[in-house]
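> Chains as they are written, first to last, in our numbering: chain A, 1 to 342; chain B, 343 to 733; chain C, 734 to 1124; chain D, 1125 to 1630.
Quick reminder that beta carbons are idealized off the backbone N, C-alpha and C, glycines included.
Everything numeric in this text was worked out from a predicted model, so none of it was measured.
Can you read through this structure? Questions will come right after.
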Amino acid sequence: NKGGDKLSVGIVLPTKDEERWLQDEQRFKEALDGTKYTTEILFSQGSSAKEKENVETLINKGIKVLIICPFDGAAAGGAVKAAKDEGITVIAYDRLITGTDAVDYYVTFDSLSVGAAQAQYLVDNAKGNGQPLYLYAGAASDNNAFIFFEGAWKVLQPKIADGTFKIANSSEAEALKDKVDLSREEMGKVIGQVTTNWEPNEAKNKAQTHLTAAAADMKGDVAILAPNDGTSRAIADVFASDSAITSYTITGQDADKGSGQYIIDGKQSMTVFKDVRTLVKDAMGMAVSILEDKTPQTTGTYDNGKIQVKAKQTDVIVVTKDNIRKELVDSGYYKASDFTGL
Amino acid sequence: MNFFNETKSLVKVNIREYGMYIALFVIMLTFSIMTDGLFMSSRNISNLLDATGYIAVLAVGMTLVIVIRHIDLSVGFAAGFMGAIAAILLTQAGLPFYFTIPIILVLGIVIGMFNGVLVASFGIPAFVASLAGMLIFRGGLLMVTEKSGTIIVDDENFNAIGTGFIPSIAKINGLNLLSLILGGVMILLYIYSEISNRRSKLKYQFDVVSMRIFTVKVIFVSAIIAYITWILAGYKGFSWTVIIMLIIVVVYHFLTRKTVLGRHIYAVGSNPEAAHLSGINVKKITYIVFGSMGMLAALSGIMYTARLHSATTTAGTLFELDAIAAAYVGGVSAAGGVGKVTGSIIGAIVMASLTNGMNLLGVGISYQYMIRGAVLAAAVIFDVMTRKKRS
Amino acid sequence: MNFFNETKSLVKVNIREYGMYIALFVIMLTFSIMTDGLFMSSRNISNLLDATGYIAVLAVGMTLVIVIRHIDLSVGFAAGFMGAIAAILLTQAGLPFYFTIPIILVLGIVIGMFNGVLVASFGIPAFVASLAGMLIFRGGLLMVTEKSGTIIVDDENFNAIGTGFIPSIAKINGLNLLSLILGGVMILLYIYSEISNRRSKLKYQFDVVSMRIFTVKVIFVSAIIAYITWILAGYKGFSWTVIIMLIIVVVYHFLTRKTVLGRHIYAVGSNPEAAHLSGINVKKITYIVFGSMGMLAALSGIMYTARLHSATTTAGTLFELDAIAAAYVGGVSAAGGVGKVTGSIIGAIVMASLTNGMNLLGVGISYQYMIRGAVLAAAVIFDVMTRKKRS
Amino acid sequence: MSDYILEMIDISKEFTGVKALTDVNFKVERGEIHCLIGENGAGKSTLMKVLSGVYPHGTYKGDIVFEGSVQWFNKISDSVKTGIGIIYQELALFPDLTVYENIFAGNEVKRGSLVDWNRTIVEAKRMLQKVKLNVNPETLIKDLGVGKQQLVEIAKALSKNVKLLILDEPTAALNENDSANLLNLLRELKNQGITSIMISHKLKEVISIADKATVLRDGRTICTLDASKGEVSENIIIKNMVGREIEDIYPKRTNKSIGDKIFEIREWNAYDPKLGREVVKEVNLHVNKGEIVGIAGLMGSGRTELALSIFGNPKSYKLKGELLLDGSPKSFNHPSEAIQVGIAYVTEDRKGDGLFLIQDIKSNLSAANLGGISSKGIINDNEEVVIANRYKDSMFIKAPSVEQIVGNLSGGNQQKVSLGKWLYVGPKLLILDEPTRGIDVGAKFEIYTIMNELIKEGMSIIMISSELGEVLGMSDRVYVMAEGQIKGELNKDEADQEKIMQLATQ
Ligand SMILES: Nc1ncnc2c1ncn2[C@@H]1O[C@H](COP(=O)(O)OP(=O)(O)OP(=O)(O)O)[C@@H](O)[C@H]1O
Ligand SMILES: Nc1ncnc2c1ncn2[C@@H]1O[C@H](COP(=O)(O)OP(=O)(O)OP(=O)(O)O)[C@@H](O)[C@H]1O
Ligand SMILES: [Mg+2]
Ligand SMILES: [Mg+2]
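The following block contains the structure:
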């Protein structure tokens, strides 16, 4: 769309480097077809400064509503304040913007619940007592990685404490196994040890060294907490190629096309499917309500450290081999032809 | 010589320098047309300049580093690291901003000097020394933010550095009075310095440009200052970021062009051995230049933290490449001894304008990278070509 | 001269070169002790070498680029970009791997040559030209992966490049037979080349080391090859990645040391003007070196894609810095004309060992960055010091 | 009929804006030594670069006829193939490579497309014997002196089976001894049938060796002189070179008044930690006010090292001994400290470490004394221009303005800028290291005149020179150095060539 046109809704997404946000972009574009409102999507490429520039650009272009998924929820306060000051309604998308009163609404899958869903799956599929548990996390420099991990830890910790799981690859986590609520610093230590930096290659290197270092009793049937699909596939490849691993349960997130295939092939156990379409629909619905001077519907509130933000939460869906056809294909998210052996 | 010929010969001699300004002008004009004037709107220009600030100060420091034939890859994460330290001092240690800022600047100087020692005294190539520094500061940044993650800073005064504007006092037709006054003062100072410069040249009976060209030039530059002032005054006036940029540029321009230290820096850049034998302390100059780079990295870190009201765990990523690109677009030569700080600032603005304009036009991020790469290459090709022609 | 003195003087003369091997040995020993031998286990060494592969081939190309006094910052994203193109050809275009690989390698050569033209014919500093290239390829990578995101490759043959092993034929005591045979052949070839080399030197009545030293050396190196073979044979044997690395090293080592082209490359690096006046076509050499860099970047991209069984949107990020660090740790000099490809491979292994060892020990990521930075600095300081002493 | 190996006919070559060569005709007979002479910038190097293919066919006008056939060289290797070898004014060697690698760089001894190292070394030894250079072929070039490097260059040219050998100022950086060796070598090569063209500013050499000499002036051929007809003589050459008569190469000095001792070093030693040896040993030397003290010696005798050790020790030698200025002891850690008390040093390598080639004349002139044009660290640009113009005029620096980039000046004018920089410091003691290397007779005369002016004003000068004529012609007193030591001291009236050479080769 031409620069001169007045925009109604501006959308800022964190980065084009991760597959997840390509999907969001796609879905937003689809959601817009046939509405009378114009929108524009900008990417921040992992930089809070660029995010701020993007917001400013959109303000310049006269948006009324800003839908923003911050790269870093704590660092986006300045950017949304500028929008708020212009009387723009700010909708935080999937990631809450903290420490500011300049955010109006929040549509979310709730990142804590993503981690929790991953952990719950591992707990539900635990085999016997003392099953080895391998922990992996996103980037140590990414706050979201901490939120996912926190959600997972809350569910896993009791099961570690009671001996269902024993931690195989993190001395720091082992040291903290009796603590439910980890401080940011404690989490930082664990994540520093098991970070994948969100990169499959790094995940692969880490997994290889961990398996090398693992004693025989840390093999056999194992559980693996993998933060997202890209790293999950890389880790799964490593575990699959170790003959001492008889079986592994591994988590994922985002329902990448590739992981769909892995799940069908039995190489990945599950993925947390965040149906972006629902989130997009909610976000756009809110935006349209606001543009039409109606009050958007919300289902609850979130505390962002400063205010209670009105929120609409969408549940995440755990996708496994059993329900993949229903959740990913029948729902029209992917085409059946995207997969083989379905 | 008539007016036209004089202008022509002036342009010919200075084509390399004017080239950048012309490029900036063309870019701005193009975007203005394509965005129906949105690009040149008060608010957009104000945003654009603010977004350039933290890279521009780095580019100034980098210019001098490249002039003395070195490079500093560590400045990005060094800025991020020091921005985080500043945030920690402000929040966890509870220091007021007027203590914090000098402390961080001094820390920057120390860090920079350390690089200088590695380069000048140990003789390690700057590229490698600063590559090591980059890794170390990256680790340092992760370490200091490990406890808290992103550190939110809510010191109003501190944050004003990145997001505040000078007070407006009063509004005239929607324009900020104090900013207008400031612009006026700048114009007066400019005109005064031009006239006194010409006077003193005449006193020495040197050649000067004809009165007509002189008048045109003074009016032209004054008009540009006035225009920018008018644009900025139409939004929220001069931001503190712009003020800092202006001060840095003026100070460094003066330093490099008018002082003995500046001469020494360029002498070292154009022939280190000859500089040494001319009684110039090459090591000292290297320390100073790296020290200044460190200080500006600290300033950049402060500006970035203030701009985001928080110190993030990835702050500083790739700043160094943006700064280096700005310096090269601004006409610095890798062979040493050539390059102006004003050029680098313009280079930084050119690169920021590209991003901004393309965002306004809704150009996809993948094309943005490619276009920025192409512009960088084109700028340097132009530079190399015109340089070749002249010599 | 007695045995002891001869050894001593040999060590003294070659300290710089041996330094790196000693450093690698010390690092490996330290980690082995700290991990109770885990570090030197078959599986870990095999993993370690596989993880080094895609950086090691880049480091080889980068060595030559640095030897001729240039640098190439674009190789990281160029590798990522070409890896993605390979994945597209394999999946969307359905080309078989034996077409895809040569196509990508040729594409790499073309891209590299283009850089070479910018540098040699336009005279743009390589740093800037390749910085522009970096931006362009980053954009290109995003563009080609935009439609599909991560592209999964399920061509078994292709993926074997990154994760497969040579067939074992049979197992003897749990050791892979074919790998053992391969190791044996390498040892024989090595011994043969050493002996024939010594013979021909004696024929010309040149000085050679004493028979005793010679025997010790041959046995020592053969033992190392045997040891590595034994280690690898104990896991899954030689991986294709290791085979590729070996081929690249041998070919480039031969190329640089034995051929006229290699001589010309080092001559250009040592003094470009003199090379020109000696009738060496400096431009042609520059094209060739950048072309080879492009080809190795393509190979690196292929290896990376094969390793992950997929082309990701961020593939290639910062590969260039890893490759440059490896080259410097391996003893390349920024002043040009000095540096061996074998050194760079060792440098790459040193850096990978650090990461691997620290991962085994569970060292936090922030310390990992800092330690790697410190080692890089230390390696170059050592290099500069010993070089100073000799000259 | 003469047998011409080379005929260059109506050669014209233009650089952007500069006509370097205009219809030059140049003929060389087989087996002769032909000297090419002319002032700086006359076009000698350019003519030879046209011949060797540095400037490829098409970038110049005219014809090159070699052994009877017209040649079109597109690149340097083309001329090499036809048997033309050239040694450029700027040595084309690789400092980090060995002697044998250097000799065969670009012309490798091959077996297939591989380099045969063993044969390379054998061949290199043969070439070194040919040029009578007795060094280990595995020595690195940077460890050799300039004289030996020059011989390596010749070995390199000979290895290509040259028929025509061109040497562009081969002796400019050599001392008398090495120069004599080199000239002998040329004579020997001539006996083996190799034709040589030599460019030189040293007229004595030209006279002693040339069979013919062609004079260029302003890019045109002036004349070709024939030694067998007795035309190659100093007077005739100079007359043709400069287009006017010069009565005396060394200007007369008027009202000489040598004063008291102003500078002295005693038991002076300098140890170079990088080389691991003493470069200056037990030197005792003094300079009086208003005196020119010459330091003669062979290349590598430690004269430059001595000068550097006095001038603030920029190479960080370990020093021992006493240095007295105006009777009071001094020690310097950095050149700036030496400058402070009135010592100045004009380097021998003006391009390498003397000048800021990319900067303009005025910045170069003021570089060592910015204090003079600044107050409180702030520079007065206008004052700088005034002062620069003053030096430009008084030293006859030929340039359109003081804003001219120094790199674009000719050698003589560059040397004047280099000297002017130090005069502006206003030193008491001026050390000149090879002050006239590679510059033409006219410029030399001007520099000598300036030197005389300076001592008249009470300055003292130490002049290091490898040109004995210059040492004898200009000095009041001469020290002769060898192996880092002072081997003797001679007064003006007792000094002559023989005595100096005798001391220098002790
Ligand atoms: N690369 C160049 N670009 C432009 N002009 C040049 C170039 N090289 C030489 N010239 C011009 O050509 C003229 C002849 O230069 P040349 O180097 O041939 O002189 P020369 O006789 O060798 O002098 P010298 O005795 O100082 O070596 C010079 O006056 C100069 O202006
Ligand atoms: N790139 C160039 N552009 C213009 N003129 C040049 C260039 N290179 C050389 N010249 C001219 O060529 C002439 C000779 O240059 P050259 O480099 O041979 O200096 P030189 O007098 O021989 O000094 P030296 O003996 O120290 O080498 C000078 O007059 C100089 O002006
Ligand atoms: Mg010449
Ligand atoms: Mg000359």
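For isoleucine 707 of chain B, which residues in chain A fall below 7 Å Cβ to Cβ?
What isoleucine 707 of chain B touches in chain A: Lys16, Phe43, Gln45.
> Which partner residues does cysteine 1159 of chain D have in the DSSP bridge list?
Bridge partners of cysteine 1159 of chain D: D:Met1322, D:Ala1337.
> Tell me the DSSP secondary structure of threonine 896 of chain C in three-state form.
The answer is helix: DSSP assigns threonine 896 of chain C an H, G or I state.
> According to DSSP, tryptophan 1392 of chain D sits in a beta bridge with which residue or residues?
Tryptophan 1392 of chain D pairs with D:Val1407.
> Using the C-alpha atoms, what's the distance from phenylalanine 870 of chain C back to glutamate 750 of chain C?
Approximately 35 Å between the Cα atoms of the pair.
> According to DSSP, is lysine 166 of chain A part of a helix, a strand, or is it coil?
Lysine 166 of chain A: strand per DSSP, three-state reduction.
> Give me the Cα-Cα distance between isoleucine 67 of chain A and alanine 811 of chain C, rounded to the nearest whole angstrom.
Spanning the two alpha carbons is a distance of roughly 34 Å.
> Could you check the C-alpha separation between tyrosine 302 of chain A and leucine 431 of chain B for me, to the nearest Å?
Roughly 30 Å separates the two Cα atoms.
> Under 8 Å between C-beta atoms, does serine 170 of chain A make it to chain C?
It does: the Cβ of serine 170 of chain A has a partner Cβ on chain C nearer than 8 Å.
> Just to make sure I have the definition right: I need the residues of chain C whose C-beta is within less than 9 Å of the C-beta of lysine 345 of chain A. Which are they?
No answer is possible for residue 345 of chain A: it lies beyond the span of chain A, which begins at 1 and ends at 342.
> Can you name the residues of chain C whose CB is closer than 9 Å to the CB of glycine 475 of chain B?
Near glycine 475 of chain B (Cβ distances below 9 Å), the residues of chain C are Gly1106, Ala1110.
> What are the boundary residues of the beta strand (DSSP E) that includes proline 132 of chain A?
Counting along the chain, the beta strand (DSSP E) containing proline 132 of chain A begins and ends at 131-135.
> Taking the beta strand (DSSP E) that threonine 320 of chain A falls in, what are its first and last residues?
317-320 is the span of the beta strand (DSSP E), which, as asked, contains threonine 320 of chain A.
> Just the C-alpha distance for glycine 882 of chain C and threonine 1045 of chain C, rounded to the nearest angstrom, thanks.
Whole-angstrom Cα-Cα distance: 7 Å.
> Name the DSSP beta bridge partners of valine 527 of chain B, please?
Paired residue(s): none; valine 527 of chain B is not in a bridge.
> Helix, strand or coil, according to DSSP, for glutamine 434 of chain B in the structure here?
Coil, per DSSP.
> Can you tell which of D:Ile1188, D:Cys1347, D:Gly1531 has its C-alpha closest to the C-alpha of lysine 1475 of chain D?
Selected option, being the one with the closest Cα: D:Gly1531.
> According to DSSP, simplified to helix, strand and coil, what is glycine 4 of chain A?
At glycine 4 of chain A, the pLDDT of 40 sits below 50, so the modelled position is not reliable and the matter cannot be decided from this model.
> Check the DSSP bridge columns for alanine 1177 of chain C and list the partner residues they point to.
No information on residue 1177 of chain C is available, as it lies outside the stretch 734 to 1124 that chain C covers here.
> Counting pairs of beta carbons, one from the segment 783-801 of chain C and one from the segment 1047-1067 of chain C, are three or more of them closer than 8 Å?
Enough Cβ pairs lie closer than 8 Å, so yes.
> Which residues of the segment 384-413 of chain B have a Cβ closer than 7 Å to any Cβ of chain A? Give them in chain order.
Those would be Arg385, Asn386, Asn389, Ala393, in chain order.
> Compute the Euclidean distance between the alpha carbons of alanine 1492 of chain D and isoleucine 1502 of chain D, then round it to the nearest angstrom.
Going by the C-alpha atoms only, they are around 15 Å apart.
> So, are the CB atoms of serine 1283 of chain D and asparagine 1242 of chain D less than 8 Å apart?
Cβ distance not < 8 Å, so serine 1283 of chain D and asparagine 1242 of chain D don't count as in contact.
> Pull the bridge partners of glutamine 1609 of chain D from the DSSP assignment, please.
Glutamine 1609 of chain D is bridged to D:Ala1606.
> Compare the beta carbon distance of glycine 995 of chain C and isoleucine 842 of chain C with 8 Å and say whether it is the shorter of the two.
Taking 8 Å as the Cβ cut-off, glycine 995 of chain C and isoleucine 842 of chain C do not qualify as a contacting pair.
> Measuring alpha carbon to alpha carbon, tell me which residue in C:Leu806, C:Asp887, C:Ala1048, C:Met1036 is nearest leucine 828 of chain C.
Comparing Cα-Cα distances from leucine 828 of chain C to each of C:Leu806, C:Asp887, C:Ala1048, C:Met1036, the minimum goes to C:Asp887.
> So, helix, strand or coil for proline 1453 of chain D, using DSSP?
Proline 1453 of chain D falls in the strand class under three-state DSSP.
> Locate the alpha helix (DSSP H) running through isoleucine 738 of chain B, then write down its first and last residues.
Residue coverage of chain B in this structure runs from 343 to 733, which leaves residue 738 of chain B outside it and unanswerable.
> Taking the CB atoms as reference points, tell me whether tryptophan 973 of chain C and phenylalanine 898 of chain C lie closer together than 8 Å.
The answer is yes: Cβ separation under 8 Å.
> If you follow the beta strand (DSSP E) that lysine 310 of chain A is part of, which residue opens it and which one closes it?
That run of the beta strand (DSSP E) goes 308-313.
> Looking at chain A, which residues of the segment 1083-1097 of chain C have a Cβ within less than 8 Å of any of its Cβ atoms?
Against chain A - using a Cβ distance shorter than 8 Å - the residues of the segment 1083-1097 of chain C are Thr1088, Asn1089, Asn1092, Leu1093, Gly1095, Val1096, Gly1097.
> Inspect the beta-carbon positions of threonine 598 of chain B and alanine 428 of chain B and report whether they are closer than 8 Å.
Going by C-beta atoms, threonine 598 of chain B is not nearer than 8 Å to alanine 428 of chain B.
> For the alpha helix (DSSP H) containing tyrosine 968 of chain C, list its first residue and its last residue.
First-last for tyrosine 968 of chain C: undefined, no H or E at that position.
> Am I right that alanine 792 of chain C and alanine 1081 of chain C are in contact with their C-beta atoms under 8 Å? What's the rounded C-beta distance?
Yes, they are in contact, since the Cβ atoms of alanine 792 of chain C and alanine 1081 of chain C sit about 5 Å apart, within 8 Å.
> Against chain D, with Cβ distances strictly below 8 Å, would arginine 932 of chain C count as a contact?
Taking Cβ atoms only, chain D never reaches closer than 8 Å to arginine 932 of chain C, which makes this a no.
> Does any residue of chain D have a CB that is nearer than 8 Å to the CB of glutamate 1006 of chain C?
Chain D contact via Cβ: present.
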